[in-house]
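Per our numbering, the sequence shown runs over residues 1 to 321.
Glycine residues also receive a C-beta, built at the ideal position from the N, C-alpha and C atoms.
Structure first, then comments.
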Amino acid sequence: MPLEIDWKAQKLNKNEDFKAFSEHLSEVHFDWKIKQSEGLNRQINAYIKKYSFGECFVTDVMTLPIKGERALPHGTTKQPCYLIISYILDGKGYSISVDECHDFVKRGNLFIWNSNHPLQFESKENIRQISVFIPATYHSVAQSLIRQDQIVVIDDHDVLSNILRSTLLTLRKNAHKVRTSEERPIINVLLDLAKACTESRSATQLVKNKNPQTLLQEAQEYIEENLFDVDIGVQSISRALGISDRYLHKLFASTEMSLTKTISDKRTALAARYLSDTGLSDLSVTDIAFMIGFNDSAYFSRVFKAKYGLSPKQFRRHKFK
């Protein structure tokens with residue numbers, strides 16, 4: 001795999017170095033408008049490497065503290081569309097957003113995007129990122145992973161993402177030795193892992209142009225459909241909707257009822273319905289508590305009494321009179 005681009009800051013003139021860095025980054029990652037983040041006063045330390053093999057290529061970038069955007073009009077095809085699998089190898093990370101959906105990708109995160117994505121990002125410090133660029137036309141899996149105006153962020157908490165990160169790192173370390181004939185088996189492995197990761201619970205989707213009211217309604221519907229899941233909470237809901245945890249909390253703040261209170265109220269309302277059902281009289285209060293997603297019957301009783309003024313047993317006796 002030949003080293004096609006090998007640039008590093010010369011530490012002579014910050015303005016000249018930043019201009020060169022911007023030009024090279026825009027060349028390898030396509031069409032970025034980049035600015036320095038405020039407070040770039042320390043010595044510049046950055047580099048850009050690009051290794052090409054066959055139709056695909058690998059980049060290894062140590063970024064400056066920068067902010068930038070790609071805002072291509074829909075339908076613009078200045079460059080061929082690439083699926084991109086990126087790994088934040090070092091540094092604290094940076095903010096990334098697609099329209100009103102924001103997230104913070106941190107060290108250890110993977111994210112899957114494409115070269116025609118309109119998006120914004122900002123880093124406050126140097127970040128090292130390894131990326132693999134795969135043409136959209138390369139494989140049907142690559143095409144299926146390219147979703148207009150959507151980025152998938154994958155955290156570092158499951159086995160699949162660990163294997164994908166290790167594979168990317170191994171590819172980078174051996175980039176200078178990879179032959180063109182080895183391209184397809186390597187890329188096929190990466191695509192299969194990336195597809196599996198996007199379908200896992202560790203994946204968060206950032207999706208453009210969803211109305212806040214629509215998102216709130218989708219969140220409410222998701223809660224209704226998953227009340228029985230004891231693990232339902234901020235992370236599972238935000239991942240299902242493709243928004244950040246912070247934005248999910250913001251949506252519920254507009255309703256004057258927190259997400260936790262919403263889930264609790266829906267569960268206790270369902271419990272009241274079950275406790276009133278003579279067809280379920282053979283189920284104990286504990287059975288019903290576990291059925292609707294509570295994993296502690298004593299806690300369920302306290303929450304239920306706080307809402308209805310009666311314990312679950314008292315409520316049932318009153319209904320069955």
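Could you name the residues that DSSP lists as bridge partners for leucine 119? Arg70
What is the DSSP secondary structure of phenylalanine 294, counted as helix, strand or coil? The answer is coil: DSSP assigns phenylalanine 294 none of H, G, I, E or B.
How big is the Cα-Cα spacing for methionine 1 and valine 189? Taking the straight line joining both Cα atoms gives about 18 Å.
Assuming isoleucine 88 and valine 105 form a contact by the criterion Cβ under 8 Å, report the distance between their Cβ atoms to the nearest whole angstrom. About 6 Å; that satisfies the 8 Å criterion.
Assigned secondary structure, glycine 233 (DSSP; H/G/I helix, E/B strand, else coil): coil
Inter-residue spacing [alpha-carbon to alpha-carbon] between isoleucine 322 and valine 230: It is not possible to answer for residue 322, since the shown part of the chain is limited to 1 through 321.
Within a Cβ cutoff of 6 Å, which residues of the same chain sit near serine 26, ignoring the five residues on either side of it in sequence? For serine 26, the CB contacts under 6 Å within the same chain, skipping 5 residues up- and downstream, are Trp32 in chain order.
Buried or exposed: serine 166, going by 16 or more other Cβ atoms within 10 Å of its Cβ? exposed
Own chain partners of glutamate 218 with C-beta closer than 7 Å, once the 5 adjacent residues on each side are dropped: Non-local beta-carbon contacts of glutamate 218 in its own chain, meaning distances under 7 Å to residues more than five positions away in sequence, involve Leu241 in chain order.
Leaving out five residues on either side along the sequence, give the residues of the same chain with a beta carbon under 8 Å from the beta carbon of isoleucine 223. Excluding residues within five positions, the ones whose Cβ falls inside 8 Å are Ile232, Ile237, Thr262, Ile263, Lys266.
Within the same chain, show all residues whose beta-carbon is closer than 7 Å to that of leucine 160, passing over the 5 residues directly before and after it, in chain order. The answer, listed in chain order, is Leu193, Ala196, Cys197, Ser200.
Taking the alpha-carbon positions, what's the isoleucine 96 to arginine 302 distance? 41 Å
Going by the CB atoms, is the gap between threonine 268 and glycine 307 shorter than 8 Å? In the sequence under discussion, the amino acid at residue 307 is lysine, which differs from the glycine named in the question. The answer is yes: Cβ separation under 8 Å.
Within a Cβ cutoff of 6 Å, which residues of the same chain sit near phenylalanine 300, ignoring the five residues on either side of it in sequence? Only Ala289, Phe294 meet the Cβ criterion.
Given this structure, state the Cα-to-Cα distance separating leucine 216 from phenylalanine 252, to the nearest angstrom. 7 Å
Cα-Cα separation, threonine 77 to leucine 227: Since pLDDT at threonine 77 reaches only 48, below the 50 mark, its modelled position is unreliable, and the value read off the structure follows with that caveat. Answer to the nearest angstrom: the Cα atoms are 44 Å apart.
Is serine 244 near aspartate 155, with beta carbons less than 8 Å apart? no
Report yes if the C-beta distance between phenylalanine 335 and alanine 271 is below 8 Å; otherwise report no. Missing from the structure shown is residue 335; the chain here goes from 1 to 321 and no further.
Ignoring anything shorter than 3 residues or poking outside the stretch 157 to 225, list the beta strand (DSSP E) runs there in chain order. Those beta strand (DSSP E) runs which fall completely within the stretch 157 to 225 and span 3+ residues are 203 to 207.
With arginine 273 as the anchor, note down where its alpha helix (DSSP H) starts and where it stops. 259 to 275
Can the beta-carbon of lysine 8 be found less than 8 Å from the beta-carbon of valine 28? no
Quickly, what does DSSP pair cysteine 56 with across the bridge? List them, please. Within the DSSP secondary-structure output, cysteine 56 pairs in a beta bridge with Phe53.
Aspartate 17 classed as buried or exposed, judged by whether at least 16 other C-beta atoms fall within 10 angstroms: buried
If you draw a straight line from the alpha carbon of proline 80 to that of lysine 124, how long is it in whole angstroms? Each residue's Cα considered, the two are about 30 Å apart.
Residue nearest to proline 135 in terms of C-alpha spacing, selected from Ser144, Phe21, Glu221, Gly91: Ser144
For leucine 191, which option in Tyr82, Ser297, Asp6 has the closest C-alpha, if you only look at C-alpha atoms? Tyr82
Pairwise C-alpha distance: valine 178 and leucine 3: 11 Å
Let me confirm a value: alanine 175 is counted as buried when at least 16 other C-beta atoms fall within 10 Å, else exposed. Which label applies? Alanine 175 should be labelled buried.
Answer with buried or exposed for glycine 93, where buried requires no fewer than 16 other C-beta atoms within 10 angstroms of its C-beta. buried
Straight-line CA distance for glycine 68 to leucine 259? Taking C-alpha positions only, glycine 68 is separated from leucine 259 by approximately 33 Å.
Inter-residue Cα distance where the pair is leucine 64 and leucine 248: 31 Å
Using DSSP with H/G/I as helix, E/B as strand and the rest coil, what is lysine 247? Before going on, a small fix: residue 247 reads as tyrosine here, not lysine. Reduced to three states, the DSSP call for tyrosine 247 is helix.
Mapping DSSP to helix, strand and coil, what is glutamate 23? helix
Whole angstroms is fine: what's the gap from threonine 59's alpha carbon to isoleucine 48's? 7 Å
Relative to the C-alpha of glutamine 183, which candidate in Asn45, Ala298, Gln314, Phe53 has its C-alpha closest? Here residue 183 is glutamate; the residue named in the question, glutamine, does not match the sequence. Out of Asn45, Ala298, Gln314, Phe53, Phe53 has the C-alpha closest to the C-alpha of glutamate 183.
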